[in-house]
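Residue numbers (the UniProt record's numbering): 1 to 92. Accompanying notes for the structure given below.
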């Protein structure tokens, strides 16, 4: 896991539901919008703030907003839970 911040890449040491930690020595203090990646896969666009906690060489950050990235466009209508997988063409 890593955080991309304006062209810089920072390795995530620990990640949980509401936040993550980065190494204090390798990373300047961050804030604002960043992108969360798992290898080459873009997972989320996030708004983060530092919590001020630095312990054991780790700086803790909190997600204020964490928007997952999807591989398809958003729909603006309700989709039924059980939709057909395919349509059978009519034979004439």
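Heads up, the beta-carbon is just placed ideally off N, CA and C, and yes, glycines get one too.
Own chain partners of residue i with C-beta closer than 6 angstroms, once the 5 adjacent residues on each side are dropped
i, result
"residue 45", "35 and 67"
"residue 1", "12, 15 and 38"
"residue 24", "54, 57 and 59"
Cβ-Cβ separation, residue j to residue i (assumed contact under 8 angstroms), whole Å
i, j, result
"residue 30", "residue 48", "6 angstroms"
Alpha-carbon to alpha-carbon, residue j and residue i
i, j, result
"residue 8", "residue 54", "21 angstroms"
"residue 43", "residue 91", "44 angstroms"
"residue 75", "residue 65", "21 angstroms"
"residue 27", "residue 50", "12 angstroms"
Counted within 10 angstroms of its Cβ, other Cβ atoms place residue i as buried (16 or more) or exposed
i, result
"residue 63", "buried"
"residue 33", "exposed"
"residue 3", "buried"
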